[in-house]
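K.L.:
Take 1 as the starting number for the sequence shown in the UniProt record's numbering and just add one per residue.
Every residue gets a Cβ at the ideal spot worked out from N, C-alpha and C, and that includes glycine.
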Amino acid sequence: MTESPAEDSDTSQSRISSGQDEPKRSQNSFSKLRNAWKWLDIDLHTFLQMVKFALPPTIGLCIFQSDSISSTFTTVGYLVAVGGVLASTLTPRAAFLQNIIVDVFAISVATAVALLAMWSAIQARKHTTAPGSPLSDYNSSAAAVVGVWLFATVYFINCLKSAMPQFRFAYVMASIIIIVTLASAPQITEVDAALRIARQLFGALLLGLAIATGISLLFRPSTSRKLVLRNISDYLTSIRKVLEAQSTFLKSIENKNMFHSSSESESLRSELKKLRLVNNKLFSDMKFAKKEIAYGYLEAKDLSEIHRLLRAVFLPIAGMNQMIDIFERLAKMHGWSTLPRNERTDPETESERIIMGEYEGMMQALHSPVGDISNSMYEAIDHVSTVLKLANPVPQPADEEADSTSSPGHDGFSQYLEGRIDLFDEKRKIILKSWVDDTNVTLSPVKTRNSVWLNTSVENDDFFATHKQRQLFVLLYILYLYWASSQALLKLVQFADTRFKKGTMSKQRFLFPGRKNVKKFLRLSSMVTKDEDDDCESAPDPIHDLGEAFHSRKDPEHLPAEGWLQEIGEILRAIANMFRSKHSSFGFRVACAIMSVAVLSLIRQTQHFYVEQRIFWGAIYCALSMVRTAGQSMFIFFLRVCGILVGAAAAYPVFYITDGHSPGVLVIYFLCVTMFAYIPVKAPRLALVGIMATVTTTIIIGYELQVKKIGQTVATSNDQKYYPLYLLAPYRAVVCMAGIAVAFIFTGFPFPISERSEVRKYLGTALYLGARHHAVVQATITARIHRGEGDMKLKTSPGRRLETERTKLFTKQLILVSRLRELSDFTKWQVPLDARFPKATYDSIINVFENLCTYTALIGYASTSFVIPQEGLSEEHSAWQITLTNLLKSLQHTADDVSSVLCLLSSSILNAQPLPPHLRLPRPYELVKRLQTMDRDVLDVEHVAEPAYSGFAIMQIASKAVIADLRTLTDLIRELVGELDFSY
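(1) How big is the Cα-Cα spacing for Ile846 and Val977?
(2) By the 10 Å Cβ neighbour count, where 16 or more other Cβ atoms means buried, how is Val734 classified, buried or exposed?
(3) Once you ignore the five residues that flank Glu401 on each side, which residues in its own chain have a CB closer than 7 Å to its CB?
(4) Tell me which same chain residues have a C-beta within less than 8 Å of the C-beta of Leu966, skipping the five on either side of it?
(5) Taking only runs that begin and end inside the segment 495 to 519, name each unbroken beta strand (DSSP E) of 3 or more residues, in chain order.
(6) What is the residue span of the alpha helix (DSSP H) that Gly296 lies within?
(7) Can you tell me the Cα-Cα spacing of Ser262 and Ile700, whole angstroms?
(8) Can you tell me whether Thr223 is buried or exposed? The criterion is at least 16 other CB atoms within 10 Å of its CB, across all chains shown.
(9) So which of Ile710, Thr807, Phe73, Gly643 has the shortest CA-CA distance to Ala687?
(10) Report the residue from Thr811, Leu728, Lys301 whose alpha carbon sits nearest the alpha carbon of Ala766.
(11) If we count Cβ pairs, one from each stretch, closer than 8 Å, do we get three or more for the segment 244 to 258 versus the segment 293 to 305?
(12) Helix, strand or coil for Glu979 per DSSP?
(13) By the 10 Å Cβ neighbour count, where 16 or more other Cβ atoms means buried, how is Glu975 classified, buried or exposed?
(14) At what residues does the alpha helix (DSSP H) containing Phe586 begin and finish?
(15) Tell me the rounded alpha-carbon separation between Val145 and Lys808.
(16) Where do the ends of the alpha helix (DSSP H) carrying Gly419 lie?
(17) Going by the CB atoms, is the gap between Tyr855 and Ser754 shorter than 9 Å?
(18) Closer than 8 Å is the cut-off here; do at least three beta carbon pairs connect the segment 45 to 62 with the segment 215 to 235?
(19) Tell me whether the beta-carbon of Asp497 lies closer than 9 Å to the beta-carbon of Asp411.
(20) Here's the rule I'm using: 16 or more other beta-carbon atoms within 10 Å means buried, otherwise exposed. How should Lys161 be labelled?
(21) State whether the segment 123 to 130 contacts the segment 576 to 594, with contact taken as three or more CB pairs (one from each stretch) at a distance under 8 Å.
(22) How is Leu182 classed by DSSP in three states: helix, strand or coil?
(23) Expressed to the nearest angstrom, what Euclidean distance is found between the alpha-carbon atoms of Thr804 and Leu432?
(24) Using 8 Å as the threshold, is the segment 308 to 317 in touch with the segment 479 to 486, meaning 3 or more CB pairs across them?
(25) Let me know the secondary structure DSSP gives Leu910 once reduced to three states.
(26) From Ser818 to His774, what distance separates their C-alpha atoms?
(27) Any idea what DSSP makes of Leu915, helix, strand or coil?
(28) Measuring only the C-alpha atoms, how far is Met164 from Arg772?
(29) Exposed or buried, what is Leu980 when buried is set at 16 or more other beta-carbons lying within 10 Å of its beta-carbon?
(30) Can you tell me where the alpha helix (DSSP H) with Thr804 in it begins and where it stops?
(31) Give the secondary structure of Asn851 by DSSP, where H, G and I count as helix, E and B as strand, and everything else as coil.
(32) Of all the options Leu769, Thr968, Thr181, Tyr138, which has the alpha carbon lying nearest to the alpha carbon of Thr153?
(33) Could you spell out where the alpha helix (DSSP H) holding Leu725 opens and where it closes?
(34) Can you tell me which of the three DSSP states His558 falls into?
(35) As a quick exercise: from Thr75, Ile63, Ile668, Leu90, pick the residue whose alpha carbon is nearest that of Lys682.
(36) Which of the three DSSP states is assigned to Tyr722 in this structure?
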């Protein structure tokens, strides 16, 4: 049939249109692929980290194809790859080397113990076998000896796992050696066979660690120093984002109700939360960075100084975020709603609109100076990043007319920044004077006595004393913290310039840790409980007595030991305390769980079945999956099951895509494990899924490749039945999941340890740390007022030791708050078989406690204004500051009452005991009223521009907030534990 011209024309047009559509389809496909890649957030660094994770197990499987390797390890060759996975090559170098040392030590000790256990079983067999009977028969004495050794060894391994969880992979490898060797121990009759099994297991895991060590040190080595420098860069970036969010929030107040929740306030809270996380991460990573040999610019002492200066920036930045909390407190004090405008049911009152208008005018006056100093702080961050080579130099506009020396990265920037800060200080004084003029508050002391400024009437528990004080103190709060933040950044800029001028940043060189850091690296106690930079361990100062809190805690049941006999008794008591500790309880629980599975290897009827069907892998996964608390157990159970199922499913395409040919299988295996590595690299909280999937796939694929290499006859010489992959993968998954199920059962049997009790205990610890922190802050204020800090350059001076203790306690509280939130989230995973957990109450306590910590730290920070050198001030102003400090000396604060109440709350929540009846809480400090009573002119607005005046205002705000938070904490804890009240 011939086509008509019309049909031919239509066909040609369709071909043309389809030809035009093909590029569009390919372009759309490429666009989708690019969007998916962007959504996964895989950059070059992430991709190379994924490759680094996959290389050790892949190399471990590849080298088994060598005749020498396969003949050496025979039936356990796949453990070379497993050891490469468990070596954790993604860990930075210093932490990796420390882990490798512990790993080698752990598997060495485990191998020695396994040999001893097998030798004991062989001896028991020889001494209890009847004459003339073959040694290969079942022997109950040998099985009993093996059971005792297995129980005891698993118990001690898991005691250490609970006490030092950072070395979890070392305990995993030790458990593999113990469980695998003792699975066959009841049937071994000769010492040579025992030596062969132990040698193969030990050598396979050791070779896997060696491969991982080579990859870690040679392929894109990741040092702790690089990680810390990246954290410092992220720290500076987070500071910038918080400042930007703070500026946006203050700008929003100019045309929004600041007493309502808004997107700007939520954004500020979110950015500060990220900054806290970076601060905690830098604190934890810093200890390894100072202990490793590196090639770079900055020495360990430089990193410590940068960390100290960043902490000095963090506190005023965090204090500015409390502006949101201050406005919420003011709204609650007036009875106004803090809900967003679209969710609010009641209309705004006339007084709310008036006060809102006053604050809007105040923020409009702050707009220009705050914007200028914020831009200067942005430039300071760019300068530090450039000089310390944390980032590329910031490009400058081509038409910039300013002097190049004043731009970030140049020599004269610190002088330029100092000038900008001085300019802001001048504007600060102008703004304060304008406020005084606008509010018609006279500067005359005589008229001030009769104005509304004073508060000498009855006691008032309002957040501030008078309406004008509220406005002035908020204004002083904002301006002072901006000035303090810029001053802290100036010190960081000056430090960076000092390093640059000394030639530190001119060239890289080998950097070696000091003797003190080397000792900390090698000392096991420093890995576990040692606090970094603990200058409080030095001998007490002979002149200044810093109190008992700086010394070790007393034992209420024992006096100090006297004589060598009592010293021996102390050691014995320490051993007894170890056996009754929570770590011993966890070890016993794990040992019972393992024995419930491993008992099959000790009974005549199931002994052969246990080895033949690889049930010991269920015991291994049981040991891996045991955790102390029930909610965490459910979460980990879910992650491990997901990882096992994914790994077992992935084994099919990995093996069968290339029809089981070893070269192709190894290539596909490498690509598969590289994809698995995305989870631990990008989502560390879910890292167990990627690790378990990798281990499961490695065991299945490794076994099949091992059989292809050594043959089925040799592969079954260890009494393990051969299964093809399509049967081995599901069977292995079922056995491993059964072991995890046993672990889950014994986590709650005979009684569960829930996250609920852990949250309560951690909260009690946090409250006690809060009491210590508040007591140290008050001691710091006393030392500053009485000029008793001494030389702050000396580590043994009272001021320096107080600063060290104050910083350490504040950082510990921030880390503990993060831990509390994590545990509170885990309570959602616990099966609610009984009454509900009061999660909302505990979350409220955690939030209130975090605010209390920040305000307490602000009190200590604001007290520095009493000792700041006041060069250039008039004699009258200097005399005013002396008068203020002298008056503060004579005041008896309620600070000790705050620490006492926090200790009482800590004890009550720790022991789950009701609070005392009619507990008297400390009243507000009322510093303003008491100072005015002693000297009516001391707080006159004539002195409002003084730095000490601003510091005093912040102390007043923060102290009022501390008392309010303490009352809230007491009410919430009373709701949990009750009160010892029999009244009716």
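P.N.:
Result, derived from the coordinates:
(1) 16 Å
(2) exposed
(3) At Glu401, the pLDDT of 47 sits below 50, so the modelled position is not reliable and the matter cannot be decided from this model.
(4) Leu852, Val898, Val901, Leu902, Leu921, Pro922
(5) Every beta strand (DSSP E) of 3 residues or more that sits fully in the segment 495 to 519 is shown, in chain order, as 509 to 511.
(6) Careful: Gly296 lies outside any alpha helix (DSSP H), inside the beta strand (DSSP E) at 294 to 296.
(7) 54 Å
(8) Taking all protein chains shown into account, Thr223 has 16 or more neighbouring C-beta atoms within 10 Å of its C-beta and is therefore buried.
(9) Gly643
(10) Thr811
(11) no
(12) strand
(13) exposed
(14) 582 to 598
(15) 49 Å
(16) 413 to 438
(17) no
(18) yes
(19) yes
(20) buried
(21) no
(22) helix
(23) Computed Cα separation, rounded: 35 Å.
(24) Contact between the segment 308 to 317 and the segment 479 to 486 is present, because at least three Cβ pairs lie under 8 Å.
(25) helix
(26) 20 Å
(27) Here Leu915 sits in strand by DSSP.
(28) 26 Å
(29) exposed
(30) 798 to 826
(31) helix
(32) Thr181
(33) 725 to 748
(34) coil
(35) Leu90
(36) coil
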